[in-house]
Amino acid sequence: MSTMLNDALTCVANDLNAHFARSGAGPDDSVQLSGLVDASGATPTLVEEKVVLLLTALDEEKNILPAPAGRGGATVPQTTVPIHLNVHVMFAATHKHYASALHMLSVVIAYLKAKPVFDRRNTPALTRGLRQLNFNLEKLAYADLSNLWSYLGVNYLPSVSYTIRLVALGSPQIRANPPAIETVEVST
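Shown next as structure tokens:
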């Protein structure tokens, strides 16, 4: 489970890079999974003239119904439920020429509009434990956008934000097999 988040975002970057190469819209390393600055505040050279995919926030999806309880049998398995996350990401174009940055972002937006769901059927590289990635384009209010760029520690760049919903990490695992409750006694 420790690498699932990295695996999910790496899969997205690799899928987009393959699209850039196939379509001729850019080189096969157009998208980099990275921060916009390193720990010292400097811009890493690997993100120059690229579309940078970066994590901006993470929260747990709470609107998931639990799996139905098992019926019948002498025991009822207790399982660990997978974690479903909302992964907030940004694609930021670091190109020196504004028109190039807009072009690269347009390619990303068009691709994710055409392929808003990544699953094993359309993305064989999706690792085990990741069932599905659902992309939703997010509109940030100007104040939130300003705060985000301040938080990132860089000047504004042409960018687009998405929420990747319901990234299921892991799979249900049986923790115990306690005996089933067969009768209920009420004392008065």
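When we follow the numbering used here, the leftmost residue of the sequence shown carries the number 1, and every step to the right adds one. We treat Cβ as the ideally placed atom computed from N, Cα and C, and that holds for glycine. Values in this document were obtained by computation on a predicted structure and should not be read as measured data.
Leu36 sits close to Ala92, with the two beta carbons spaced by under 8 Å. DSSP places Ala143 in the uninterrupted alpha helix (DSSP H) bounded by 142-152. Within the region 9-52, the complete beta strand (DSSP E) segments of 3 residues or longer fall at 31-33, listed in chain order.
Within the same chain, Cβ atoms closer than 8 Å to the Cβ of Gln32 are found at Ala13, Leu46, Val47, Lys50, Val51, Val52, Leu53, the five residues on either side in sequence being excluded. With contacts defined as CB atoms closer than 8 Å, Leu137 and Val160 qualify as a contacting pair.
As DSSP reads the structure, Tyr162 sits in a beta bridge with Val89, Leu137. The bridge partners DSSP lists for Val184 come to none. The C-beta separation of Gly26 from Met104 comes to about 6 Å, placing the pair in contact by the 8 Å criterion. Apart from sequence neighbours up to five positions away, the residues of its chain that approach Ala21 with a beta-carbon distance below 6 Å are Asp28, ordered along the chain. Proximity to Leu166 across Ala42, Lys62, Thr56, Cys11 peaks at Lys62, based on C-alpha coordinates.
Of the candidates Ser40, Tyr98, Leu130, His19, Tyr98 places its Cα closest to the Cα of Leu157.
Within the DSSP secondary-structure output, Leu54 pairs in a beta bridge with Met90. Ala125 carries a coil assignment under DSSP once its states are collapsed to helix, strand and coil. Collapsing the DSSP output to three states places Ile64 in coil.
Taking each of Leu112, Leu102, Ser100 in turn and checking the Cα distance to Val89, the smallest one comes out for Leu112. For Tyr98, the enclosing alpha helix (DSSP H) stretches over residues 98-114. Comparing C-alpha distances from Asp15 to each of Leu126, Lys96, Ala57, Ile83 shows the shortest one belongs to Leu126.
Non-local beta-carbon contacts of Glu182 in its own chain, meaning distances under 6 Å to residues more than five positions away in sequence, are absent. Note: His84 is bridge-paired with Ala168 in the DSSP secondary-structure output.
Tyr162 sits buried, since 16 or more C-beta atoms from the chains shown fall within 10 Å of its C-beta.
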